[in-house]
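In my numbering, the protein residues as written are 26 to 168. To start, the structure itself, in C-alpha cells.
Have a look at this one:
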C-alpha cells in the first residue's frame, strides 16, 4: 500500500474517483467494500439530495442504485472502473428516506455469463429497506 491508497476501516474504502467525469461528479463520495457473492456501497446524503418535502429525492436514489450495479463485478476483479453498460434497470421505492442517515446499498451478483451479469440490490437506512432494484449489465472488457 502506498501513500495514495486510503486505509480501509471495517473493509470500507473510498470508490476511486480519479476516472469520474460527467454525471457521476454530482454524486456524493461513495465508500465500497466487497462481500462474498456481492458488494456493499455506503453514501452520506446531503441537502442537495432532498426533494421539496425534505426526504430523499427519488432521482437521487435511482442514480446511486444504478451507479452501484457494477460493484459486484468491479470489486471482485471482473471488470474495470467504467467497464460495464446497464442494459435494463428496475427500481421500487419501499419507504421514504431522510438526508441525515447514511445509505448502504447491498448488492448480490445473481448470475454472470461471458459478457452479461444480473445484479439485485437494496438501499438501506439503518434497518429499513428504502429501495429495491435489479439490473442487467453488459461487460465491456474482460479482466
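Here a beta-carbon is modelled for each residue, glycine too, at the ideal position from N, C-alpha and C.
Original post:
How big is the Cα-Cα spacing for residue 84 and residue 166?
Top reply: Here residue 84 refers to the residue found at position 59 when the chain shown is read from its first residue. Here residue 166 refers to the residue found at position 141 when the chain shown is read from its first residue. Approximately 29 Å, taken between the alpha carbons.
**OP:** Count the other C-beta atoms from every protein chain shown that fall within 10 angstroms of the C-beta of residue 162, then say buried if there are 16 or more, exposed otherwise.
**Re:** Against the chain shown, residue 162 aligns to sequence position 137. Counting the other CB atoms within 10 Å of its CB gives residue 162 a total of 16 or more, which places it among the buried residues.
Original post:
Where do the N-terminal and C-terminal ends of the beta strand (DSSP E) with residue 12 fall, by residue?
Top reply: With the chain running from 26 to 168 in the structure shown, residue 12 is simply not present.
Original post:
Say the cut is 7 Å; is the CB of residue 84 nearer than that to a heavy atom of the ligand GDP?
Top reply: With respect to small molecules bound, the structure shown includes none, and the ligand GDP cannot be examined in it.
**OP:** Could you tell me whether the Cβ atoms of residue 95 and residue 104 are closer together than 8 Å?
**Re:** Locating residue 95 in the chain shown gives position 70, where the first residue counts as 1. Locating residue 104 in the chain shown gives position 79, where the first residue counts as 1. By the CB criterion at 8 Å, residue 95 and residue 104 fall inside the cutoff.
**OP:** State the DSSP-derived secondary structure class of residue 150, mapped to helix, strand or coil.
**Re:** For the purposes of this step, residue 150 is taken as residue 125 along the chain shown, with counting starting at 1. Here residue 150 sits in strand by DSSP.
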